[in-house]
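Accompanying notes for the structure given below.
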Amino acid sequence: MSSRFLMITPEDGKEVLKCLAAPARLAILELLHARGPLNVNEIAEVLDLPQSTTSTHLNQMEEAGLIRTEVQKARKGSQKICHAVHDEIVLSFTRPNEASDEAIEVSMPVGLYSGYDVYAPCGMCGPDAIIGYLDSPDTFLSPDRMKAGLLWFTRGYVDYQFPNNARIKGAPIRELEVLMELSSEVPGTSDNWPSDITISINGKAVATWTSPGDFGDRRGKFTPDWWKLRGSQYGVLKSFRITDGGTFIDGMRVSDTKLNDLELLDHRSIRLRIEVPETAEHPGGINIFGRGFGNYDQDIVLRIKT
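Be aware that the sequence shown starts at 1, since it is given in UniProt numbering, and climbs by one per residue.
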């Protein structure tokens with residue numbers, strides 16, 4: 001199953017839902033999925049729409065992150081080529097962040113990574129100020145990283161090491177879930193800036209989620225007032241869940257990787273890597289939001305169900 005999908009809630013998906021309410025925009029998306037990238041004139045001709053009306057629809061869809069465009073040379077001047085960003089769009093009315101009584105849960109501050117290899121632009125900040133120097137990977141060595149509530153980089157990874165409390169408890173694991181708030185990273189912000197973010201457990205890549213953009217249209221609910229409005233404000237709360245039946249993102253099955261593939265019983269710790277790899281089709285960077293930033297005021301959560 002393709003991992004190019006968008007998970008929205010009624011709270012953060014209003015612009016997407018507004019776009020999808022227009023039959024003409026749905027027809028444009030269906031056309032782009034059926035035929036691949038097309039220019040504005042081709043879309044207008046196939047759907048029998050005025051060129052000006054088609055351009056208006058495409059501009060609104062691009063603002064909502066439903067399509068991306070690129071300018072290419074044409075015989076006379078240039079042309080705008082339109083691409084569909086998502087294969088599937090899922091509307092969820094529930095938040096995947098409520099633990100059950102049988103869950104073992106550990107929260108990890110975003111600055112308590114155990115290893116990293118990041119490329120600029122990059123940086124981090126705490127509740128009161130920027131930590132270290134902007135766009136210097138060496139800042140990620142700073143002891144003050146423990147205070148970080150937001151960190152970002154263009155390419156590379158950060159590693160986190162969680163205690164394997166289920167192994168200590170001697171309880172069999174039937175499900176492992178990682179919850180965190182993520183977005184793409186671009187200088188400034190852009191709702192249409194896709195980025196492939198890969199999650200690995202114990203050295204095994206389990207899923208890749210394509211973030212639609214870097215969100216700055218409004219201040220994050222918990223983002224401090226000192227953080228500039230033109231900077232990344234909030235992300236999307238993502239659930240990466242691995243069971244005996246495969247790997248799921250926000251409840252949607254995305255790969256065949258199962259619990260047994262992670263060799264959880266063989267390790268005293270559970271190693272999590274969050275990465276924008278060099279091979280990413282959309283290398284659009286990453287923001288990781290922790291407590292005190294974004295919309296959810298939580299650290300990276302590892303939840304084990306036994």
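In this text, a Cβ means the ideal position worked out from N, Cα and C, and glycines have one as well.
Remember, it's a predicted structure, so these values are computed and weren't measured experimentally.
In angstroms with no decimal places, state the Cα-to-Cα distance between residue i and residue j.
{"i": "residue 311", "j": "residue 226", "result": "Only positions 1 to 306 of the chain appear in this structure, which leaves residue 311 out of reach."}
{"i": "residue 284", "j": "residue 154", "result": "7 Å"}
{"i": "residue 266", "j": "residue 162", "result": "14 Å"}
{"i": "residue 217", "j": "residue 273", "result": "29 Å"}
{"i": "residue 51", "j": "residue 282", "result": "29 Å"}
{"i": "residue 344", "j": "residue 13", "result": "Residue coverage of the chain in this structure runs from 1 to 306, which leaves residue 344 outside it and unanswerable."}
{"i": "residue 160", "j": "residue 169", "result": "21 Å"}
{"i": "residue 179", "j": "residue 107", "result": "9 Å"}
{"i": "residue 137", "j": "residue 114", "result": "15 Å"}
{"i": "residue 188", "j": "residue 228", "result": "10 Å"}
{"i": "residue 17", "j": "residue 84", "result": "16 Å"}
{"i": "residue 42", "j": "residue 62", "result": "17 Å"}
{"i": "residue 60", "j": "residue 299", "result": "34 Å"}
{"i": "residue 191", "j": "residue 171", "result": "43 Å"}
{"i": "residue 193", "j": "residue 200", "result": "23 Å"}
{"i": "residue 141", "j": "residue 15", "result": "39 Å"}
{"i": "residue 19", "j": "residue 64", "result": "7 Å"}
{"i": "residue 73", "j": "residue 210", "result": "28 Å"}
{"i": "residue 76", "j": "residue 224", "result": "49 Å"}
{"i": "residue 118", "j": "residue 133", "result": "14 Å"}
In the structure shown, what three-state DSSP assignment does residue i receive?
{"i": "residue 55", "result": "helix"}
{"i": "residue 151", "result": "strand"}
{"i": "residue 30", "result": "helix"}
{"i": "residue 9", "result": "coil"}
{"i": "residue 139", "result": "helix"}
{"i": "residue 163", "result": "strand"}
{"i": "residue 237", "result": "strand"}
{"i": "residue 207", "result": "strand"}
{"i": "residue 169", "result": "helix"}
{"i": "residue 309", "result": "Residue 309 is absent from the structure shown; the chain starts at 1 and stops at 306."}
{"i": "residue 18", "result": "helix"}
{"i": "residue 74", "result": "coil"}
{"i": "residue 298", "result": "coil"}
{"i": "residue 121", "result": "strand"}
{"i": "residue 40", "result": "helix"}
{"i": "residue 47", "result": "helix"}
{"i": "residue 62", "result": "helix"}
{"i": "residue 35", "result": "helix"}
{"i": "residue 129", "result": "coil"}
Near residue i, which residues of its chain fall below 8 Å by C-beta distance, leaving aside the five closest residues on each side in sequence?
{"i": "residue 247", "result": "206, 207, 240, 241, 253, 254, 255, 256, 257, 258"}
{"i": "residue 148", "result": "109, 110, 111, 124, 125, 126, 131, 290"}
{"i": "residue 244", "result": "174, 258, 259, 260"}
{"i": "residue 152", "result": "121, 122, 123, 124, 185, 232, 285, 286, 287, 288"}
{"i": "residue 264", "result": "164, 166, 167, 173, 176, 202, 270"}
{"i": "residue 105", "result": "99, 301, 302, 303, 304"}
My understanding is that residue i touches residue j, with C-beta atoms under 8 Å, so please give their C-beta distance in whole angstroms.
{"i": "residue 297", "j": "residue 90", "result": "Wrong, their Cβ atoms sit about 24 Å apart, outside the cutoff."}
{"i": "residue 25", "j": "residue 57", "result": "5 Å"}
{"i": "residue 203", "j": "residue 268", "result": "Not a contact, Cβ separation roughly 15 Å."}
{"i": "residue 139", "j": "residue 123", "result": "7 Å"}
{"i": "residue 181", "j": "residue 235", "result": "4 Å"}
{"i": "residue 183", "j": "residue 214", "result": "5 Å"}
{"i": "residue 212", "j": "residue 32", "result": "About 16 Å; that fails the 8 Å criterion."}
Give every residue of the same chain whose Cβ lies closer than 6 Å to the Cβ of residue i, excluding the five residues on either side of it in the sequence, and list them in chain order.
{"i": "residue 27", "result": "47"}
{"i": "residue 144", "result": "131"}
{"i": "residue 150", "result": "125, 289, 293"}
{"i": "residue 295", "result": "220, 221, 234"}
{"i": "residue 237", "result": "181, 296"}
{"i": "residue 70", "result": "81"}
{"i": "residue 314", "result": "Missing from the structure shown is residue 314; the chain here goes from 1 to 306 and no further."}
{"i": "residue 280", "result": "196"}
{"i": "residue 68", "result": "83, 85, 192"}
Tell me which residues share the same chain as residue i and place their Cβ nearer than 7 Å to its Cβ, disregarding the 5 neighbours each side in the sequence.
{"i": "residue 55", "result": "40"}
{"i": "residue 278", "result": "155"}
{"i": "residue 198", "result": "205, 208, 275, 277"}
Contained beta strand (DSSP E) runs [length at least 3] in the stretch 243-291, N- to C-terminal order:
246-249, 252-255, 269-276, 286-289
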